[in-house]
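Enquirer: Encoded as structure tokens, here's the structure I'll be asking about.
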Amino acid sequence: EAQVTQNPRYLITVTGKKLTVTCSQNMNHEYMSWYRQDPGLGLRQIYYSMNVEVTDKGDVPEGYKVSRKEKRNFPLILESPSPNQTSLYFCASSSPGTSSDTQYFGPGTRLTVL
Amino acid sequence: SQQGEEDPQALSIQEGENATMNCSYKTSINNLQWYRQNSGRGLVHLILIRSNEREKHSGRLRVTLDTSKKSSSLLITASRAADTASYFCATDNYGQNFVFGPGTRLSVLP
Chain A
1407 EAQVTQNPRY LITVTGKKLT VTCSQNMNHE YMSWYRQDPG LGLRQIYYSM NVEVTDKGDV
1467 PEGYKVSRKE KRNFPLILES PSPNQTSLYF CASSSPGTSS DTQYFGPGTR LTVL
Chain B
16 SQQGEEDPQA LSIQEGENAT MNCSYKTSIN NLQWYRQNSG RGLVHLILIR SNEREKHSGR
76 LRVTLDTSKK SSSLLITASR AADTASYFCA TDNYGQNFVF GPGTRLSVLP
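Taken in order, these protein sequences are the chains called A and B. Quick note on my numbering: the first sequence kicks off at 1407 and runs consecutively. Quick note on my numbering: the second sequence kicks off at 16 and runs consecutively.
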């Protein structure tokens, strides 16, 4: 089954404790992206990747890191989480070639930073 | 950034009625897409319309795009309770990042 998986689905952590949210897709998509969703603000793009070893900042990259060492995986790293990073995070991937096609979304990761 | 903005923010209608949502954006785009999100879940793609298209249909969905006004509309005909969700437009700037609007919350009452 074609899908985007994220882990963990729920995470409660404390300020400053490094964490990684994993994202994996099995559709051989070249384009992958991370979003955060906050009430009233919709989805805001954090980082995106057009291909392996190619990443770029979205609209809200501060406090986040990503890597794309393999085509299927695109982990989101919070080196020193802060309470303002409490949010619902979504990973997405899209059809090979460009970012212009349908994005497939993961189920989301609800992160709480105390 | 080329922020998309949906209008209205919230919409309540009766089952069987049509629902219309609008989206405006600021800069040139390659395509515009509409997504649906059920409460707290991942987004599901509904329809994509390219910048050289003016109208597109998919089942009960009809999307229009007016690039001169930088706006799009999503029409859901004969709405059902299962259509209750948030709807987002997203713009793609020629292979760069996607930008989503804040969404329209649609409630379809039985």
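From the three backbone atoms N, C-alpha and C, an ideal C-beta is built for every residue, glycine too. Since this is a predicted model, take the numbers as computed values, not measurements.
(1) Look at the alpha carbon of asparagine 1479 of chain A and the alpha carbon of serine 122 of chain B, and state the distance between them as a whole number of angstroms.
(2) Measuring straight from C-alpha to C-alpha, what distance separates glutamate 30 of chain B and proline 1467 of chain A?
(3) In its own chain, which residues sit with a C-beta less than 8 Å from the C-beta of isoleucine 28 of chain B, not counting the 5 before and 5 after it?
(4) Who are the neighbours of serine 1430 of chain A on chain B, taking C-beta pairs under 9 Å?
(5) So the candidates are B:Ala96, B:Lys71, B:Pro117; which of them puts its Cα closest to the Cα of leucine 63 of chain B?
(6) I need the straight-line Cα distance from proline 1487 of chain A to arginine 75 of chain B, nearest angstrom please.
(7) Can you pull out the residues from the stretch 27-59 of chain B whose beta carbon lies closer than 9 Å to at least one beta carbon of chain A?
(8) Let me check understanding here. Comparing Cα to Cα, which of B:Gln52, B:Thr92, B:Asn112, B:Ala25 lies closest to serine 43 of chain B?
(9) So who's on the other strand from isoleucine 91 of chain B, going by DSSP bridges?
(10) Could one say the Cβ of leucine 1517 of chain A lies closer than 7 Å to chain B's Cβ atoms, at least one of them?
(11) Is it true that the CB of methionine 1456 of chain A sits closer than 7 Å to the CB of serine 1499 of chain A?
(12) Going by the CB atoms, is the gap between phenylalanine 1496 of chain A and glycine 1514 of chain A shorter than 7 Å?
(13) For serine 83 of chain B, which residues in the same chain have their Cβ closer than 6 Å to its Cβ, ignoring the five residues on either side in sequence?
(14) Against chain A, with Cβ distances strictly below 7 Å, would glycine 118 of chain B count as a contact?
(15) Shorter than 7 Å from the beta carbon of asparagine 112 of chain B to some beta carbon of chain A?
(16) Of the choices A:Ala1408, A:Val1410, A:Thr1411, A:Leu1417, whose alpha-carbon is the least far from that of valine 1519 of chain A?
(17) If you drop the 5 nearest sequence neighbours on each side, which residues of the same chain put their C-beta closer than 7 Å to that of glutamate 68 of chain B?
(18) Asparagine 1490 of chain A by DSSP, collapsed to three states: which one?
Expert: From the atom records:
(1) 36 Å
(2) 41 Å
(3) Ala34, Ser94, Leu121, Ser122, Val123, Leu124
(4) Near serine 1430 of chain A there are no residues of chain B at all, since even the closest Cβ is about 14 Å away, more than 9 Å.
(5) B:Lys71
(6) 43 Å
(7) Asn45, Asn46, Gln48, Tyr50, Gln52, Gly55, Arg56, Gly57, Leu58, Val59
(8) B:Asn112
(9) B:Ala34, B:Leu76
(10) no
(11) no
(12) yes
(13) none
(14) yes
(15) yes
(16) A:Leu1417
(17) Leu80
(18) helix
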